[in-house]
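Quick note, the sequences are listed as chains A and B, same order. In short: position in the first sequence from 1, add 965, done, that's the numbering used here. In short: position in the second sequence from 1, add 15, done, that's the numbering used here. Data first, discussion second: the structure below is written as C-alpha cells.
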Amino acid sequence: MRVLFIFFYLLSPAAISADNFEILRNDVEGFAKVAPGKHFDFPADHGPHSDYRIEWWYLTANLKDQQGRHWGIQWTLFRNALSAEPAKQGWSNNQLWMAHAAITTPRGHQFEERFARGGIGQAGVNLEPQFEAWIDDWIWQSETKSLFPAQLKFRIADREIDMQLSSEASWVLHGDAGYSQKSEQGQASYYYSQPEIQIAGTINGQPLSGRAWLDREWSSQPLAENQLGWDWFSLHLNDGNKLMLYRLRHKQGKHWLSGSWVDADGNTRHLHSEAIQLSEKDFRQIKTSDNDEIILPLGWQINLPELNRQLIVKPLYDQQWMATSFPYWEGVVLVDDENGVRVGEGYMELTGYQSP
Amino acid sequence: MQANLVWVLKAVFSHYWRHGWQTLFLLVGLIAGVGLWSGVQIINQQARLSYEQADSLLGVQASYWIRSRTDKAIEVADYISLRRAGFRQIFPVVEAQVSTEQGQPISIIATDLFALPNNLQVGDEDDTAADWLSFVQPPYRAWVPGELANELKLETGDQLLLRDGRRLPPALIKNHSQQGRQILMDIAASFELLNRETFSYLVVGNIEAGQISQLETLLPDRMELVENQQHLDLRELTESLHTHLSAMSLLSFAVGLFIVFNAVRFSLWYRRATFLSLRLMGVSASLLLSAVLIETLLWSLIGAGAGIVVGLQIGKVLLPGLGASLHSLYDATVDTQLIWQFDTLFKAWGITLLGLFWALTWPLYQQLRRNSLPANLISRVSLDERRSRHYLALSSSALIILSVILYPRIDNAISGFLLLGLILFGAAWLLPTLLAFTLRLLSGLTSKSQLVTRWLIGDGWTQLPALRTAMMALLLAMTANLGVGTLVDSFRSAFVGWLEVRQSADIYLRASQIDYERLLDPQKSSVWLADSHRRIGLTSRWQGRPALIRGVDTLAPDSLQLPLAQWSEETAESTLKVWQTEKNTLLANEQVHYLAGIRLNQTIQLKTDQGPVDYRVIGFFYDYGNPNYQFYLPYDEVVSYWKQYHPRGVALWLNNNDTITLQLAQQAMRDAGAETGDWILQNQVRKLSLNIFERTFTITAAMNALTMIVAAIALLASLLAILQERLPQFAQWRALGVRSQEQMLIIACPILIFVFVAWLLAIPLGALLSWILIHKLNIVSFGWSMPMRWDILPAIQLGGVILLVVAATLMLANWQLRRRMPNALAQLGELA
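Here it is, written out as C-alpha cells:
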C-alpha cells in the first residue's frame, strides 16, 4: 500500500476542493476493476496496465558505505490515467507520469519530484526489447524483459546515483494471491513485491551496497471515504525474514491492517488484521518547510503474536520529509527487538498527516 | 504649549469648514494631480516589471531559446532526446497567429505544463484541479485573458470561431501572469487546432553556466541556442515611451497643483485676518507656523492617499490599452492585473508634500515674517499682485533663456521634455503680464466717456489676481492639447501615406512550409499573378540592439517605390538604382541614422557568416513603428553571406482586382502548401496597422482629456473664489441698482478677455510644442521623422470647447451668486 492518493492531489497546485474530489471520484467509472483470482503473468505484468487508473513501480533500498554508515534510496514511478479511454500514442495520450526520488545520506535527506505526459517518449514503461522504466534522464533499464538484472540511474540535485540491481528470488504476492483488499467496502489493488534485491553501485563515485525492495501495485479505486491516510513498513530482518505491513487509518472505528511475512526461503504468510498489533511509541516534531512543522509518529512497536515477534521501529533520523505535491514522510528506519538489539532495517512511509 | 497648538489649529482649520467649496477644490486639485501622476506611474512600473519577466511562461523565465536554424520547426523527437539527456529545464512552446472571423489577429501560445521546470507550482491561487484537468484533456480549454475575452465578447465555454472555420477549444476566462493578450492552451490542443506536430521553439529555463556548453554540443546542427536578452532590449526600446507618459503625467500634476495654488491663495486671503487676530492675541509666529506645517502635512496625507486610490483606478482603465500597444509595437507582454508597490505611495506623498509646501507653507511663512499687516489691505494686495507678476515675468524670462541654451543640446527624451517644461512654464508665467498688458492696452483704447467699458476693464484688474493661476493652468492644458493633437495628426497622415506605398501588394503570404517554386512558376501563375516579392531575413545584433537584416528583391514593385527619408545620390530614384547595381551598398531605416548616429555614405560593418563585411549606407528609409534597426540588402547578398536566414514571406500583386483572380490566387497558395490563415489581404493589413496606431494614441488622448478637465475645474474654482471674496462688493452693486445680468456681464467680460488671450497664446505655443515633439523628441526617442501638419481647425474647435466650459462655469457661478445674494444683502443692511 503506497501513495494511492497521490494523483488526486497531483493536478491541484492550489488547495483541492470538495468539488474537485467529486470529479475525480466520478472518473473511476469506465476503468478496469480489481477482482480476486487474477493470474499473474510475468514479465507481462511488470509492464503498465493502462486500463487501470493508477499504478506504480516503487523501489526502496537500504545501503551501507565502506564505513558501515546507513544510506537509503527511494525511486518511484507513478502512472495515472486521466480518463478511461484506451491510451493513444502521441500528445493526446491520457497517461500522466510522476516520479519521486530521494536519497538518505549520513548527512541529510534530499528528494525530487518530476512529471511527464505519456505517449511522447518523455516517460513510460516498456517491456520491449527489454524492461525500461523512465522519466527524462531517470531510468531503470533491465538487460532482459524481466526487471533484473538492471541498472538504475538518476540524479537528485548534484548527486548522481548509479546502481546495479539483481535478484533471483521468487515474487511475493500480497493479500489473497496478489489481490490486496484495502477496505471492507471492497476497495482493493493488485499488489506484488520483490523484497530480495541485491543492490550495489555508487553515489557520486562513492561505493555502496545493500538490500532493496520493489513494490508493484495497480488499481482503479480510490480509498474509502473514511480513510485518512496510511502507515506502511517494509523491513529486512537480519535473520533473512522480511515483513511488509500497513495500516489504513479510519476517521472512526477500527483501522484496516494487513501484511505479509516472507521467510528466508521465500515462503509468504499473509497477516490478517488480527495477527498484527501496531502502535505508535514516539512522536516527533519535524520541519515540513522553512516555516512549518508537524508532529509525526516516528517510533513504532510491531507485535506479531502468531509469529511471536516484537519489533521496535525507529527512523535513522527524523528529517526525511518528502515536501512533494502530495507531502509525506518516507525514509530509512532501523529495527530493534524487544531487548533493544538491532535486528534489521527497512523503509517506512507515513501519509495523510498533512494535507497538500 | 500643546493645548495652545490645538487651539491655534482649530482657528486655522475653521476656514475649511466655512468655505466648503474651496476645501473641495483643494481636495480635487490634489487628488486629480496625484491621481493622474500616480496612475501613469503605476502603469509604467507595471510595464517595467513585466519586461523583467519577459518571456516567462506560467512563472518560468526563459534564459535561452532553442530555435531551428532553417525555420523548419523543432521536432518532438529532438525535444525528447534533450529531456532524456537530463535537460529538464527545457520545455516546448507553440506560438501561432490566427485570425477571428472578423479578421482580428489573435496570438496563441501553447506549452506542456507537465514539462515546466517548476513542478506544477504554476498558475494562480484560484486555479482549481478541475481547471488543470480540463486544460490537458480533450476537448481542452483555451485560457483567454479577461480583457481580450471582453473585446471578443467571449464567455466561459464559448469556442471562438476563426476565419478559416476552425474553432478554438472552449474558453476559460483567466488572467495569468505574463499571459498578456495571448490565449494559452495545452500543446496537444494547439497541435489539433493548428494541424501541426512540431514546436515553434524550445525554452531553456534556469540553466547553470557549466551546462550550456554541454547543451550546445548536444544540439544537432539544424538547431541553435539563442540567449534571451529580451528583457534588456524591451527596457531600452520602450524607455522613451515611458518617458513620454511620465512627462504627460507630470504636466497633469502641475495643472492639478494650479488648482491647489488657487485654493491656497484664497485661504491665504481669507485667513489674513485670522492670523492677525491670533498674533495680536499673543500666539507666537513659531506656533502659528507649526500649525500651518501640520495643516500641510495633513493635506499632503489626504491628497496622496486619495490620489493613489484614484491613480489605481486610472491605471486600471489605461493599462489594457497600453498593454495592447506594447504587444503590437514591441511584442512585449504586459500583465493586465495591477501590481501594487508601496514606494508609489511614498513617492506620491513626497511630491504632494513638496508641492504643498511650495504652495501653502512658504507663502504663509513669508506672510508671518511681516510683523504686522498693512492697514490698507486692498492697496497692499494690488502692490503684491504687481510685484508677483513681475517676479513671474522675470522667472519666465529666465526659463526662456535657459530653454534657448538647452535647445541645441537635446540628445535624449529626458532633456527634450525638460526643454518642453521650460518653454511651457516660461509661457505660463509670462501670461499674467500679458493679461495685464492687454487690460492696459484696452483701457488706453477706451475713451473716458465709455463708462461701462472702463468699469469692465477696471473689474478685470480686480479679477486678475484670482484668475491668474487658473489662466496659467488653462494655457498649459490648451497648449498640451493643441501640441499633442498636431503631433498625432501629423503622424497619422505620414503613417497612412507610408502604409499605402509600403503595403502596395494585394496579398501577403507567410507560412513555414511553402513550395515557392510551384507558387511563383510563371507558366502556372501568369493568369492571376502580376508580380511578386519573396523576402528573407535574419535577426542579428548591431551596436548592442536587435537589428533586422532583410534580403529583398531590389526590382520588386515595393522596392522601386521604397519611401526614402534621405538619399545619397541626386534623387531617391537614382539612389535606388545604385542600390540595385552596386555591391556592398545598403539602405537602412531612419532609426539607424537618428539613434545610432550613422550618416549618409558612412561605411558600417555587419557581422556575416563569412566574417565582418563593410557596407556603404546610401539611403535611409522611413520605418514607422519599428523599434529595431533594419537594413535592406539585395536578396542574393543575404543568401551568399549568411547561412541562417529565414523566409519572411512573399508579397503578391494580382493581375486584376476581381473575385475570380483572388480565388485563383487562393487556390494557388493552397496548392503550394499554404493553409487558410497563412495569408492576409492588403485591406486587412492596413486596417490592422491603423488599429494599432489608433490604440497607441488612446492613452495620449485620455491623458489630454483628463488634463483639460482638471484645467476646467481650476477655472471653476477660481470663479467661485472670486464670488466668495467679492460677495459683499457685489451686494453693494446690487444695492446701487445694478441688475443681475449686468453684474454677470461685468464678471464675464474680463474672464472672456483673459481666456481669449490665453487661447491666442496657446495657438503658437501649441505649434511650437508639436514642432519640438516632432522634430526633436520623436527623433531622439524613436528615431523616425515626419513632416509636421499644422491646421487651424483644431484650435478653433478647442476655442469652442473652452467657450462652452467658461459658459458652464459662469452659469454655475451665477447660480451660486443668486443663492447667496439675499444673505449678502441682509449682511450689507446690518453693516449699514
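All C-beta atoms, glycine included, are put in the ideal place defined by N, C-alpha and C. All values reported here derive from a predicted model rather than from experimental measurement.
- Under the 8 Å criterion on CB atoms, Asp1101 of chain A is classed as interfacial with respect to chain B.
- For Val91 of chain B, the residues of chain A that pass the 7 Å Cβ criterion are Ile1085, in the order they occur in the chain.
- Under the DSSP assignment, Arg507 of chain B falls in the alpha helix (DSSP H) whose first and last residues are 466-517.
- Looking from the CA of Trp1022 of chain A, the closest CA among A:Tyr1156, A:Leu1210, A:Trp1294 belongs to A:Tyr1156.
- The Cβ neighbour count for Ser292 of chain B, taken over all protein chains shown within 10 Å, is under 16; the residue is labelled exposed.
- Note: Gly1166 of chain A is bridge-paired with A:Met1128, A:Leu1173 in the DSSP secondary-structure output.
- Chain B places a beta carbon closer than 8 Å to that of Leu1061 of chain A, counting this residue as a contact.
- Within the stretch 1009-1031 of chain A, no residue has its Cβ closer than 8 Å to any Cβ of chain B.
- For Glu1020 of chain A, the enclosing beta strand (DSSP E) stretches over residues 1019-1029.
- Using a Cβ-Cβ cut-off of 8 Å, Trp1056 of chain A counts as an interface residue toward chain B, since at least one Cβ of chain B sits closer than that to its own.
- Excluding the 5 residues flanking it on each side, Gln1266 of chain A has same chain C-beta neighbours closer than 6 Å at Ser1244, Lys1246, Ile1277, in chain order.
- If you draw a straight line from the Cα of Val516 of chain B to the Cα of Pro572 of chain B, it is about 10 Å long.
- Taking a C-beta distance under 8 Å as the contact criterion, Leu514 of chain B and Arg701 of chain B qualify as a contact pair.
- The residue from A:Leu1281, A:Lys1110, A:Ser1174, A:Leu1208 with its alpha-carbon nearest to that of Trp1226 of chain A is A:Leu1208.
- A direct Cα-to-Cα measurement between Val23 of chain B and Ala732 of chain B gives close to 27 Å.
- Between the stretch 1046-1054 of chain A and the stretch 1062-1075 of chain A, the count of C-beta pairs closer than 8 Å stays below three; the two stretches do not touch.
- Contact of Phe1005 of chain A with chain B by beta-carbon distance below 9 Å is absent, the smallest such distance being about 31 Å.
- In the displayed model, Arg33 of chain B falls within a helix according to three-state DSSP.
- DSSP places Arg533 of chain B in the uninterrupted alpha helix (DSSP H) bounded by 531-535.
- Under the three-state reduction of DSSP, Ala1122 of chain A is assigned to coil, being neither helix nor strand.
- When CB distances to chain B are screened at a threshold of 7 Å, the residues of the stretch 1040-1055 of chain A falling below it are Leu1047, Ser1048, in chain order.
- For Ser228 of chain B, the enclosing alpha helix (DSSP H) begins and ends at 224-233.
- A Cβ-Cβ separation of about 7 Å places Leu479 of chain B in contact with Ala451 of chain B under the 8 Å criterion.
- Not a single C-beta of chain A is nearer than 8 Å to the C-beta of Ala726 of chain B.
- Contact check between the stretch 670-685 of chain B and the stretch 538-549 of chain B: three or more CB pairs, one atom from each, fall below 8 Å, which counts as touching.
- For Arg685 of chain B, the secondary structure class from DSSP, reduced to helix, strand or coil, is helix.
- The way I'd put it, the stretch 46-61 of chain B does touch the stretch 359-367 of chain B; three or more beta-carbon pairs between them come closer than 8 Å.
- In the three-state scheme derived from DSSP, where H, G and I count as helix and E and B as strand, Asp1180 of chain A is classed as strand.
- If you look at Asn1045 of chain A, you'll find it in the beta strand (DSSP E) that goes 1035-1046.
- In the displayed model, Phe440 of chain B falls within a helix according to three-state DSSP.
- The beta carbon of Ile202 of chain B sits closer than 8 Å to some beta carbon of chain A.
- Annotation: Cβ neighbours of Arg1082 of chain A in chain B (cutoff 7 Å, chain order): Asp127, Phe129.
- For Trp799 of chain B, the three-state secondary structure derived from DSSP is coil.
- The alpha-carbon of Leu333 of chain B is positioned some 8 Å away from that of Ile58 of chain B.
- Pairwise C-beta distances place the stretch 767-784 of chain B out of contact with the stretch 611-628 of chain B, as fewer than three of them are shorter than 8 Å.
- Secondary structure of Tyr94 of chain B (DSSP, three-state): helix.
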